[in-house]
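Residue numbers (this note's numbering): 22 to 246.
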């Protein structure tokens, strides 16, 4: 049995500027006293094709953890644009929030992120009769990029770990349909057993860049605010 259960994660300050920090209000329940702190980490997928471009935005230790329901705001700086290729600055990517106990990750929450720059789409649109779009008329202004996190479409993945001194992981006999409640509405977020970042980036290839269309084929996704 897991000793820490994620109850809710709310995205704050969304949408916002690309340069503003990420903010997540995290609510979790601790069922008994823990021997160690919890490690929370925020990762930004810098490239869909190169995992070495993944950026760790922040890592924090939270503890000691009192028994019961706990809430805090997890804040991480925005990714450094210099570490992201120009072709990956705009469009859809993924941000991950993970939690580990004694260096063992037990829960991961992934969100799609859409970065748009007003006017950039019009500048890069191909003119009638042209096969290729012209280069942008103006250099990309990072401060003008708007970052939107699809807060209503998280993918949650849980991992069994040993919570005591035993080397054996906890039993995975619980049904895979475990859910955490999304407190902004009455819907539940389904748990998915696939590796979150890989699964989300695979799903991303079939999604429209606007991220508006429904994609009912993706397990672990919700479509209501």
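Backbone N, C-alpha and C fix where the C-beta goes; we use that ideal spot for every residue, glycine too.
Model, not experiment: these values are computed from the prediction.
C-beta contact flag for residue i and residue j at 8 Å
i, j, result
"residue 48", "residue 35", "no"
"residue 75", "residue 67", "yes"
"residue 46", "residue 107", "no"
"residue 51", "residue 81", "no"
Top-ranked residue by Cα proximity to residue i, from the options
i, options, result
"residue 122", "56, 41 and 39", "56"
"residue 166", "39, 31, 27 and 114", "39"
"residue 133", "90, 126, 76 and 112", "112"
"residue 59", "172, 89 and 83", "83"
"residue 33", "169, 140, 160 and 71", "169"
"residue 131", "161, 98 and 173", "173"
"residue 186", "63, 65, 88 and 125", "125"
"residue 63", "177, 98, 161 and 164", "98"
"residue 162", "140, 88, 183 and 22", "140"
"residue 88", "24, 101 and 183", "24"
"residue 96", "136, 61 and 181", "61"
"residue 164", "72, 31 and 136", "136"
"residue 247", "160, 72, 171 and 90", "Given that the chain is displayed from residue 22 to residue 246, the structure contains no residue 247 and the question cannot be resolved."
"residue 65", "31, 105 and 90", "105"
Outcome for residue i when other beta-carbon atoms lying within 10 angstroms are tallied against a minimum of 16
i, result
"residue 210", "For residue 210, the predicted structure reports a pLDDT of 40, less than 50, and the residue's modelled location is therefore unreliable. A value from the coordinates is still provided. Answer is buried; the Cβ neighbour count reaches 16."
"residue 103", "exposed"
"residue 41", "exposed"
"residue 179", "buried"
"residue 27", "buried"
"residue 175", "buried"
"residue 114", "buried"
"residue 177", "buried"
"residue 100", "buried"
"residue 70", "exposed"
Assumed close pair residue i, residue j - CB separation to whole angstroms, cut-off 8 Å
i, j, result
"residue 129", "residue 117", "6 Å"
"residue 44", "residue 94", "6 Å"
"residue 138", "residue 127", "The Cβ separation is near 37 Å, so there is no contact."
Contact with chain D by residue i, beta-carbon distance below 8 Å
i, result
"residue 60", "Of the protein chains in the structure, only one exists, and it is not chain D."
Counterpart residues of residue i in DSSP-defined beta bridges
i, result
"residue 259", "What the structure shows of the chain is the stretch from 22 to 246, and residue 259 is not part of that stretch, so it cannot be assessed."
"residue 45", "32 and 95"
"residue 81", "61"
"residue 26", "50"
"residue 176", "131"
"residue 74", "In the DSSP output, where bridge partners are listed per residue, residue 74 has none listed."
"residue 126", "121"
"residue 115", "133"
"residue 90", "50"
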